[in-house]
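Offset between the sequence shown (1-based) and the numbering used here: plus 24.
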Amino acid sequence: MGLFKMVPVSEGRVLIDGIDIARVPHETLRSHLSIIPQEPVMFFGTIRENLDPKRIFSNEELWAALEEAQLKDVVIAAGGLDGAVTEEGSNFSSGQRQLFCLARSLLHPSKLLVLDVGRIVEDGNPSELKTRDGSIFSKLLKQCEHQFAT
């Protein structure tokens, strides 16, 4: 929560690329961060609207993000980019909804992607996603490191 400046950092500093986030405006900071929550959110509408509500991206760009997030077959089975998304995305599994969040983050590259690696793709094989040609996690997760003050 401190990383997104939702709560103040009570001790120490949070640095991204050597820059103290306390000195970065909230809006600027959040525009450089992406998150794949454990409880992913989707809205009633179409797959296209959930991926690209402002219709910024071409069909090719949307399909490329879906393929990289391993959702291409799921989306084809659901009727393509104009396939329906029911309320809260309940017609997709929780793991698939997380992958839709991943596809959205691939469309909007950011400095940092925040996710629980152990929980992404809970109904699939996470190691398959992490190692598949290396493209997703080589770009987004060069190294996951937890440092605790002693």
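Built from N, CA and C at the ideal position, the CB exists for glycine as well.
{"Item": "Using a Cβ-based criterion (distance less than 7 angstroms to any ligand heavy atom), does A127 qualify as near the ligand FMN?", "Value": "No copy of the ligand FMN appears in this structure; indeed no ligand is present at all."}
{"Item": "Q94: which of G42, L39, F124 and F28 sits nearest, CA to CA?", "Value": "F124"}
{"Item": "Could you pull the start and end residues of the beta strand (DSSP E) that V99 belongs to?", "Value": "Taken as a continuous stretch (DSSP letters only), V99 belongs to no beta strand (DSSP E), being part of the alpha helix (DSSP H) at K96 to A101."}
{"Item": "Is it the case that the region 59-66 contacts the region 110-126, given that we only count it when at least three CB pairs across the two stretches are under 8 angstroms?", "Value": "yes"}
{"Item": "If distances are taken between C-alpha atoms only, which option among F116, S58 and R54 comes closest to A101?", "Value": "F116"}
{"Item": "What's the C-alpha gap between P133 and V99?", "Value": "22 angstroms"}
{"Item": "Name, in chain order, the residues that DSSP records as bridge partners for G69.", "Value": "V109"}
{"Item": "Assuming L27 contacts V138 under a Cβ cut-off of 8 angstroms, what Cβ separation, rounded to an integer in Å, is found between them?", "Value": "7 angstroms"}
{"Item": "Taking buried to mean at least 16 other C-beta atoms within 10 Å of its own C-beta, is V31 buried or exposed?", "Value": "exposed"}
{"Item": "Pull up the distance between the alpha-carbon of L164 and that of L136, whole angstroms please.", "Value": "Because L164 sits at a pLDDT of 44, beneath the cut-off of 50, its placement in the model cannot be relied upon, and the following sentence gives the value as read from the coordinates. Computed Cα separation, rounded: 7 angstroms."}
{"Item": "In terms of DSSP beta bridges, what is I45 paired with?", "Value": "Paired residues: none, contrary to the question."}
{"Item": "Starting from L126, follow the alpha helix (DSSP H) in both directions and report where the run begins and ends.", "Value": "S118 to L131"}
{"Item": "Would you check if the distance between the CB atom of L75 and the CB atom of R128 is smaller than 8 angstroms?", "Value": "yes"}
{"Item": "Quick one: what does DSSP say Q171 is sitting in, helix, strand or coil?", "Value": "Model confidence at Q171 stands at a pLDDT of 39, short of 50, so the residue's coordinates are unreliable; what they give is reported in the following sentence. In this structure, Q171 counts as coil in the three-state DSSP scheme."}
{"Item": "Near A108, what residues of its chain come up, given a Cβ to Cβ distance below 6 angstroms and the 5 sequence neighbours on each side ignored?", "Value": "none"}
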